[in-house]
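First up is the structure itself, then whatever we jot down about it.
There are 2 protein chains.
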Amino acid sequence: MTESYSQLEKHFSRLHHLEHALTFLQWDQQVMMPPGGNQARSESLAELSALYHEYLTAPRIGDLLDQAQDEERQPDRIRSIIEMRREYQWAVCLPADLVKAKSLAGSTCEHGWRTQRRDNDWKGFLKNFKPVVALAREEAQARQANNPQRFPTPYDAMLDLYCSGDSSSLISDIFSRLKQKLPDLIELVMERQAGRIFPITGSFPVPSQQRLNTELAVRLGFDLKSGRIDESAHPFSTGDQGDHRITSRFRTDDFVDALKATAHETGHAAYESGLPKAWQNLPVGQARNMSIHESQSLLFEKQIFLSKPFLHYFAPVIQEHLEIVRHSDWEQVWLNSIRVEPSYIRVEADELCYPLHVVIRYEIESALINGTMEPDDLPEAWDERMKTYLSLSTAGNFRDGCLQDIHWTDGSFGYFPAYTLGALNSAQIFAAFRRDHSDWRELLGSGQIEIVRDWLEMAIWSKGRLLESQDLMRSATGEGTNPDYFLAYLRERYVDEAY
Amino acid sequence: MTESYSQLEKHFSRLHHLEHALTFLQWDQQVMMPPGGNQARSESLAELSALYHEYLTAPRIGDLLDQAQDEERQPDRIRSIIEMRREYQWAVCLPADLVKAKSLAGSTCEHGWRTQRRDNDWKGFLKNFKPVVALAREEAQARQANNPQRFPTPYDAMLDLYCSGDSSSLISDIFSRLKQKLPDLIELVMERQAGRIFPITGSFPVPSQQRLNTELAVRLGFDLKSGRIDESAHPFSTGDQGDHRITSRFRTDDFVDALKATAHETGHAAYESGLPKAWQNLPVGQARNMSIHESQSLLFEKQIFLSKPFLHYFAPVIQEHLEIVRHSDWEQVWLNSIRVEPSYIRVEADELCYPLHVVIRYEIESALINGTMEPDDLPEAWDERMKTYLSLSTAGNFRDGCLQDIHWTDGSFGYFPAYTLGALNSAQIFAAFRRDHSDWRELLGSGQIEIVRDWLEMAIWSKGRLLESQDLMRSATGEGTNPDYFLAYLRERYVDEAY
């Protein structure tokens, strides 16, 4: 190992130890901390973030990276240097003034949004949102200028933060096909489902649901010796090697939502737990990007948990914990969970409508960042697309329209496509698993999830960031992200009701 | 404010933010973390501790302290500088090699102790313990050399880490009086109690105990919006402004132990919550020392919770939560909780025997550190004192003798006296409260604990470290630590059974 690489390894390990602290202090803030602790916590997090940034951008790091890149010959280390440089460049490429202005504008806009959304106050929001967009454009241009060969548009540079390796031209092609196919499919499925789905009603005590959800996570391979399951306002997953923390949330009038969330977060945690131990403190040992991360959570939620064989296998466990379900048909549970119906809110959307919600956001945010749309035009652009893709009007209804999501309020443009790329990758990766395991129905139907996990660990998890996103898809499935697998899966599940 | 002081304030605030991170990551490690997380957590904690040490010992801090000390005239800031310098000097006065050797020897000894205690293996322990003592002597001498006017013996320099301001000559005087009075008092109380105390038996479900203990903490003034109550192997208290975290532990065959622990930790948290907000990130705004901290926890546990009027007031709450107590007499609960009987183990000792356990440790550890006793002589010295003070022999029984505590294994000499100084201070402080509030029985008997809290906040909590330990006692009670208050309280409670 070259001396320069060895020094980089030490430096990035120190960064990882600081990130560990940030990770668990943020988990605590969301899951455990009483409200009175917010001020002291915010101050400590700000201090640690500043320290992290200071370390990451230390001038000698640039020199060490150049030196290591010249000297290192070992292929994994060459990849490791590339991923280190990516983090370093993302941190140094923005002027400090811009970072500060962005953080301020973002805080103001997000803070205001919490009441403006409730009050349907588009004009109030717009005032705070304009500087956010202006600064995000500046940011995107600075990021693009940092690597113009890689990023044909400013928006591509923003995408790289979340969907590194998935370009806007790839995404546009994929989304065109979804726009073309999904509306008809939605109509077809709604016709087929009409009159066949009966809501499951009852009162499901939270402690029973907690035990049930723990049981689900464990049967999906979640290891309680290396993780925790808690409750939070919004389910999420976080952690570090050997300590994976997921949350779910519980409603007493519905138990399926929590189970879906638990399966979803178990998928995120599974990916993290299978990352290569040899590079656990280095960028190359981390999860590839959000398009792949979301593919793993959706694979656990949609391909495994909501499959007919697994749900049939798991139904008796539900019955053990929730009295009332004894009188319900597990096939009705399944049907309820695949119910399709266009609605306003992305986070409540079913699997067929969800991608169209993302397409709307993608088209708008890329235009905003590339400067071909202005913030004033947002509500109209939104309403027009909602009508075209989902046959719903949001005219004047900003609350359930363009004000519904938090992402843009602090300038996080480029994230949304990850949700749908994740859905597509998930179907494509599971199709590859099915090709390798013709007995996949029996495996799911008997709860042998370790076979799926072993395959995923081999194909995806253990690769860390050794491959770029689309190369990882090719290595795991034989081709880059291809929407046909997702469309075929939707037909199989929603039209044929085959699994 | 002088420029130098303003810079110190910024610097120590940054240190406080790092300490915040350490505090809550350690809390998480003890209360929430799954076992698999230990490696990543240890690495992160080591990184942050190293950073903390690096910041605290930055060479410019010494210069800034000198400059501020010359220039600053405002009395509170002069105190603040003294407390900053204390932390700075404690950190810089040890050579790096000694710190490292001490940490290594301590880890080895503590690790070995966990099995050696179980196996009653004194010889095995002695091998690891000798270097710990040798290094602790070196440490004590280095600390003493740093301020020879203040520390007449090396042991006094170690005491200063935990009982800052309480000298070994003061402690020796106090402990002489306790040795003289307690053995007879123990005998008298045991005679009086004989045949009058009947064990309370039953099975007390943990969830009911959790609710009961939360209710106790709240009635003692614990604010759930600014704190949490959890479970851990050993009850403890930690936190930062606005976020005070205490733990308790539950046994299904006994409910009094948990209530005592909850009251105790609530007292620690109360002190922390009442520290002066104006200096919350600075050394001068922290708790005085462990002799005062322990006085607050013991005041809540012994003077308030275990008082007859409060227990009588609280008995119906116990009855609400624990079915079985309905058939027991609350006076029997009280009698059980003040039962006196000499035994081997300090942490299980009653209030009369506990100080004698501490005296044994004090006499031995001061001799070890000052070089008038060698580690080889420890078991004999222990056995001899146990026989004299508590009429029990530990000959050959190392497990329940000199191997029972963790403190010495990693070189934490000088801590033990804080437990008993805390007990004495607690009785003395409560006596002062009683002088100011002649209706104290009615206050406790009607649960008006906010009156006690307000008085303590005024007399102790809000002072932070503005006064040295004995000056704080004088300011709050009219005199320095005086064992007569404790002895009078013991007679009042244990002989007269008056409260």
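Residue numbers (my numbering), protein chains in the order written: chain V, 11 to 509; chain P, 11 to 509. Yeah, the Cβ is synthetic: ideal placement off N, Cα and C, and Gly gets one too.
Just to confirm, is the Cβ distance from residue i to residue j under 8 Å?
{"i": "V/A115", "j": "V/L145", "result": "yes"}
{"i": "V/T257", "j": "V/S236", "result": "no"}
{"i": "V/N48", "j": "V/S174", "result": "no"}
{"i": "P/S376", "j": "P/D176", "result": "no"}
{"i": "P/R371", "j": "P/F440", "result": "no"}
{"i": "V/T248", "j": "V/W37", "result": "yes"}
{"i": "P/D240", "j": "P/V41", "result": "yes"}
{"i": "V/Q414", "j": "V/I355", "result": "yes"}
{"i": "V/E57", "j": "V/K112", "result": "no"}
{"i": "P/F208", "j": "P/T276", "result": "no"}
{"i": "P/P44", "j": "V/L234", "result": "yes"}
{"i": "V/F34", "j": "P/L35", "result": "yes"}
{"i": "P/S54", "j": "V/A31", "result": "yes"}
{"i": "V/E97", "j": "V/S14", "result": "no"}
Would residue i count as contacting chain V if we go by Cβ distances under 8 Å?
{"i": "P/S179", "result": "no"}
{"i": "P/R238", "result": "yes"}
{"i": "P/L413", "result": "no"}
{"i": "P/K189", "result": "no"}
{"i": "P/E53", "result": "yes"}
{"i": "P/K287", "result": "no"}
{"i": "P/M483", "result": "no"}
{"i": "P/F408", "result": "no"}
{"i": "P/D250", "result": "yes"}
{"i": "P/K20", "result": "no"}
{"i": "P/R24", "result": "yes"}
{"i": "P/H27", "result": "yes"}
{"i": "P/F34", "result": "yes"}
{"i": "P/M42", "result": "yes"}
{"i": "P/P389", "result": "no"}
{"i": "P/G455", "result": "no"}
Drop a sphere of 10 angstroms on the beta-carbon of residue i, count the other beta-carbons inside from all chains shown, and report buried for 16 or more, exposed for fewer.
{"i": "P/P326", "result": "exposed"}
{"i": "P/T262", "result": "exposed"}
{"i": "V/M468", "result": "exposed"}
{"i": "P/A271", "result": "buried"}
{"i": "V/S179", "result": "exposed"}
{"i": "P/E304", "result": "buried"}
{"i": "V/I71", "result": "buried"}
{"i": "P/M396", "result": "buried"}
Quickly, what does DSSP pair residue i with across the bridge? List them, please.
{"i": "V/G237", "result": "V/H254"}
{"i": "V/T248", "result": "V/R255"}
{"i": "P/D264", "result": "P/R261"}
Quick one: is residue i near chain P, going by C-beta distance under 8 Å?
{"i": "V/A271", "result": "no"}
{"i": "V/F232", "result": "no"}
{"i": "V/D73", "result": "no"}
{"i": "V/A510", "result": "Nothing about residue 510 of chain V can be reported from this structure: the residues present for chain V run from 11 to 509 only."}
{"i": "V/K235", "result": "yes"}
{"i": "V/H30", "result": "yes"}
{"i": "V/L226", "result": "no"}
Ordered along the chain, which non-local residues of its own chain (more than five positions away) have a Cβ less than 6 Å from that of residue i?
{"i": "V/T430", "result": "P365 and V368"}
{"i": "P/L316", "result": "S347"}
{"i": "P/Y62", "result": "L28"}
{"i": "P/S283", "result": "H254"}
Excluding the 5 residues flanking residue i on each side, which residues of the same chain have their C-beta closer than 8 Å to its C-beta?
{"i": "P/S485", "result": "A469, K473 and L477"}
{"i": "P/G252", "result": "S236"}
{"i": "P/G455", "result": "P319, F320, H322 and Y323"}
{"i": "V/L169", "result": "D176, S177, S178, I181, G424 and P427"}
{"i": "P/D166", "result": "Q154, R160, S177 and S178"}
What does a CB cutoff of less than 7 Å around residue i pick up in its chain, not counting 5 residues either side in sequence?
{"i": "V/F22", "result": "M94, N291, L292 and P293"}
{"i": "P/K318", "result": "W344 and Y509"}
{"i": "V/Q219", "result": "F260, F265 and A268"}
{"i": "P/H362", "result": "The sequence given here has Leu at residue 362 of chain P, not His. If we look at P/L362 and ignore the five residues flanking it on each side, its Cβ neighbours are L192, L195, I196, V199, V350, L500 and Y504."}
With respect to 7 Å, is the separation between the Cβ of residue i and the closest non-hydrogen atom of the ligand GDP below this value?
{"i": "V/T398", "result": "Judged by which ligands are present, the structure shown has none, so any question about the ligand GDP falls away."}
Identify the contact partners of residue i in chain B, using a Cβ-Cβ distance below 7 Å as the criterion.
{"i": "V/L58", "result": "Absent from the structure is chain B; the protein chains it does hold are V and P."}
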